[in-house]
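>
In full-length UniProt numbering, the protein residues as written are 1 to 112.
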């Protein structure tokens with residue numbers, strides 16, 4: 001990731017939910033970070049490449065800060081696990097994320 005790499009998260013912008021380059025006059029996420037979380041990023045096809053405003057922005061697979069530390073809507077892995085996935089993932093690889101009930105929370109399981 002370079003200093004000008006961005007991801008547009010502004011639903012009204014033509015680059016919404018796509019990789020963009022600085023300067024960008026719309027809301028965006030900087031993909032270049034001072035920590036190693038985005039050293040390797042895999043992009044899912046959530047609302048991409050045909051992005052529909054209101055259906056949510058990108059879901060990336062990236063490195064975690066530490067176990068059980070949440071993300072802002074992405075899927076995070078330990079660095080060696082992320083590299084393992086990246087070496088084996090090919091276009092069309094499916095990511096299946098089960099909704100699990102977490103003990104000691106109010107989270108419910110998925111409804112039919």
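Glycine included, C-beta positions come from ideal geometry on N, C-alpha and C. The structure displayed is predicted, hence computed values, not measured ones.
Hey, how far is the Cα of residue 53 from the Cα of residue 2?
In the chain shown, residue 53 corresponds to position 53, counting from 1. In the chain shown, residue 2 corresponds to position 2, counting from 1. If I take the Cα positions, the gap works out to 26 Å.
> Counting C-beta neighbours from all protein chains within 10 Å, is the total for residue 89 16 or more, i.e. buried, or is it exposed?
Numbered from its first residue, the chain shown carries residue 89 at position 89. So residue 89 counts as exposed.
> Are the beta-carbon atoms belonging to residue 78 and residue 64 less than 8 Å from one another?
Along the chain shown, read from residue 1 onward, the residue named residue 78 stands at position 78. Along the chain shown, read from residue 1 onward, the residue named residue 64 stands at position 64. Cβ distance < 8 Å, so residue 78 and residue 64 count as in contact.
> Would you tell me roughly how many angstroms separate the C-alpha atoms of residue 84 and residue 74, rounded to the nearest one?
Within the chain shown, the letter at position 84 stands for residue 84. Within the chain shown, the letter at position 74 stands for residue 74. In this structure, the straight-line span from the alpha carbon of residue 84 to that of residue 74 is close to 18 Å.
> Give the DSSP bridge partners of residue 20, in chain order.
The residue labelled residue 20 in the question sits at position 20 within the chain shown. Per DSSP, 6.
> With DSSP collapsed to three states, give me the class of residue 75.
Numbered from 1 along the chain shown, position 75 holds the residue referred to as residue 75. In the structure shown, residue 75 sits in a strand (DSSP, three-state: E or B).
> Once you ignore the five residues that flank residue 112 on each side, which residues in its own chain have a CB closer than 7 Å to its CB?
Within the chain shown, the letter at position 112 stands for residue 112. Its pLDDT being 38, under 50, residue 112 is placed unreliably by the model, and the measurement read from it follows with that caveat. Nothing listed; no residue qualifies.
> Comparing C-alpha positions only, which one of 39, 51, 82, 81 sits nearest to residue 5?
If you number the chain shown from 1, residue 5 lands on position 5. Here the closest residue by C-alpha is 39.
> Could you check if residue 107 is buried or exposed, using at least 16 other CB atoms within 10 Å of its CB as the buried criterion?
Here the question's residue 107 lines up with position 107 in the chain shown. Caution applies to residue 107, whose pLDDT of 45 falls short of 50 and renders its modelled position unreliable; the value that the coordinates give is listed next. Under this definition residue 107 is an exposed residue.
> Contact check, residue 51 vs residue 26 under 8 Å by CB: the rounded distance?
Sequence index remark: in the chain shown, residue 51 carries index 51 (1-based). Sequence index remark: in the chain shown, residue 26 carries index 26 (1-based). Between residue 26 and residue 51 the Cβ distance is about 13 Å, and since that is not below 8 Å, they are no contact.
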